[in-house]
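>
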Amino acid sequence: VALVTKQEESHARLSDSLITKAAKKRRARSMIGYLAFVGPALLFFIMIQMIPFGMGVYYSFTSWNGISSTVEWVGLDNYIRIFTNDTRFFNSFLFTTKFMIAAVLISNAIGFTLALILNAALKTKNLLRTVYFLPNVIGGLLLGFIWQFIFVRGFAVIGDMTNIGFFQQPWLGDANTAFWGIVIVFAWQISGYMMVIYVAALQGLDRSLIEAAKIDGANAFQLLRKIIIPLVLPAFTICLFLTISMAFKIFDLNLSLTGGGPFNSTESVAINIYNEAFTMNNYGIGSAKSILFFLVVAIFTTIQVSITKKREVEA
1 VALVTKQEES
11 HARLSDSLIT
21 KAAKKRRARS
31 MIGYLAFVGP
41 ALLFFIMIQM
51 IPFGMGVYYS
61 FTSWNGISST
71 VEWVGLDNYI
81 RIFTNDTRFF
91 NSFLFTTKFM
101 IAAVLISNAI
111 GFTLALILNA
121 ALKTKNLLRT
131 VYFLPNVIGG
141 LLLGFIWQFI
151 FVRGFAVIGD
161 MTNIGFFQQP
171 WLGDANTAFW
181 GIVIVFAWQI
191 SGYMMVIYVA
201 ALQGLDRSLI
211 EAAKIDGANA
221 FQLLRKIIIP
231 LVLPAFTICL
241 FLTISMAFKI
251 FDLNLSLTGG
261 GPFNSTESVA
271 INIYNEAFTM
281 NNYGIGSAKS
291 ILFFLVVAIF
301 TTIQVSITKK
311 REVEA
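Residue numbering for the sequence shown is 1 to 315, as defined by full-length UniProt numbering.
#1: From V305 to L242, what distance separates their C-alpha atoms?
#2: So, residue 316 versus I106, is the Cβ gap smaller than 9 Å?
#3: To the nearest angstrom, report how far apart N85 and F95 are at their CA atoms.
#4: Over the uninterrupted alpha helix (DSSP H) stretch that includes K125, give me the two end residues.
#5: Could you give the residue range of the alpha helix (DSSP H) that holds G56?
#6: Within the continuous alpha helix (DSSP H) that includes G260, where are the two ends?
#7: Roughly how many angstroms lie between the CA atoms of G33 and T177, to the nearest whole one?
#8: Could you give the distance in angstroms between the alpha-carbon of Y58 and the alpha-carbon of I80?
#9: If we call anything under 9 Å between Cβ atoms a contact, is L172 one with T258?
#10: Is T302 helix, strand or coil by DSSP?
#11: Distance check for G165 and V157, CA to CA, integer angstroms please.
#12: Touching or not, the segment 245-257 and the segment 266-279, by the rule of three or more beta carbon pairs under 8 Å?
#13: Looking at the unbroken alpha helix (DSSP H) that takes in M47, where does it start and where does it end?
#14: Please determine, among S63, F300 and K123, the residue with the shortest C-alpha to C-alpha distance to N282.
#15: Of the residues L141, A187, P52 and N65, which one's Cα is nearest the Cα of A103?
#16: In terms of alpha-carbon separation, which member of M47, F167, N78 and F45 lies closest to S60?
#17: Using the DSSP secondary-structure output, state which residues sit across from S63 in a beta bridge.
#18: Mapping DSSP to helix, strand and coil, what is G39?
#19: For the segment 273-282 against the segment 137-146, do three or more pairs of beta-carbon atoms, one drawn from each stretch, fall closer than 8 Å, so that the two count as touching?
#20: If you draw a straight line from the C-alpha of S245 to the C-alpha of T302, how long is it?
#21: So, with DSSP's three-state summary, where would you put K289?
#22: Grouping DSSP H, G and I as helix and E and B as strand, with all else coil, what is I227?
#23: Along the chain, where does the alpha helix (DSSP H) that runs through F99 open and close?
#24: Would you call the segment 229-242 in contact with the segment 213-220, where contact means no fewer than 3 C-beta pairs closer than 8 Å?
#25: Got a sec, what are the start and stop residues for the alpha helix (DSSP H) S191 sits in?
#26: Write down the C-beta distance between L118 and R129 rounded to the nearest angstrom, noting that I regard them as a contact closer than 8 Å.
#27: Apply the 10 Å Cβ neighbour rule to G75 and answer buried if 16 or more other Cβ atoms are within range, or exposed otherwise.
#28: Let me confirm a value: A41 is counted as buried when at least 16 other C-beta atoms fall within 10 Å, else exposed. Which label applies?
In structure tokens, the structure reads:
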């Protein structure tokens, strides 16, 4: 009996060992497959994002013109100089913040309104969705040059023909109108993209809730405020995150439309960093500004996402 018991225990241990080895082989094959798919993307992410970011952090503590072979370590001097002796950077940050607020509000308002309209039973809604989304396909540089021609030449011709003051203004030659010119073009480009996200959210709503509210006597405004908006808050979270990050990082559109003028009044933080590093060859200060800019955008978007996520739970 004891011999039989020992043999059974031996067989059980052997079976467990074989099962463990088979499980390890399956895990190894699964890991190899996982790395085969994720590995190249991870490698490119490290090469394109993480290594340049680490180099930027390093150069932010140095003084380097981007050409010479000697890089001087200056510690926190670049950051101290930015906070104490660089009013142009803070003016560009103020402009970028004001632009972000205006652009985010207008872009999301237009995008959500278009989504509400196109969510109705329109025969041409598919065509209109394509038309409204097309500006997002155009690159920022090309878009800026197109609208520069419209503001400078097109509006001038319309103003001469109609004598309407709106078209006779120096849209890109005055600080106030140039600011709103950039906001208009940004909203024109991005609203279609936001519209697509809002349309997807609206189409996912439970129609029975809306029909029940209508039966209970809710009007269009009450439907929008009490049912539709709370149910599409996840879409608002996504759209706000995207528009805030894109508005903060605006560069190509700003560069081609106004170039930061007139008199640096529409210079965004991205253009200020570009000029500091590549025009003035102050790579150390430019890197320090980019690190500060990264921290500000990261903090701002994190706060926005946490607040909107909290509102989603409350709704």
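C-beta: ideal position from N, C-alpha, C; glycine also.
If we stick to the structure as given:
#1: 11 Å
#2: Because the chain is modelled from 1 through 315, residue 316 falls outside the range shown and cannot be assessed.
#3: 18 Å
#4: K125 to F133
#5: I51 to Y59
#6: That residue, G260, is in no alpha helix (DSSP H); it is neither H nor E in DSSP.
#7: 56 Å
#8: 16 Å
#9: yes
#10: helix
#11: 12 Å
#12: yes
#13: That residue, M47, is in no alpha helix (DSSP H); it is neither H nor E in DSSP.
#14: S63
#15: A187
#16: N78
#17: E72
#18: helix
#19: no
#20: 11 Å
#21: helix
#22: helix
#23: T87 to L118
#24: no
#25: A175 to Q203
#26: 6 Å
#27: exposed
#28: exposed
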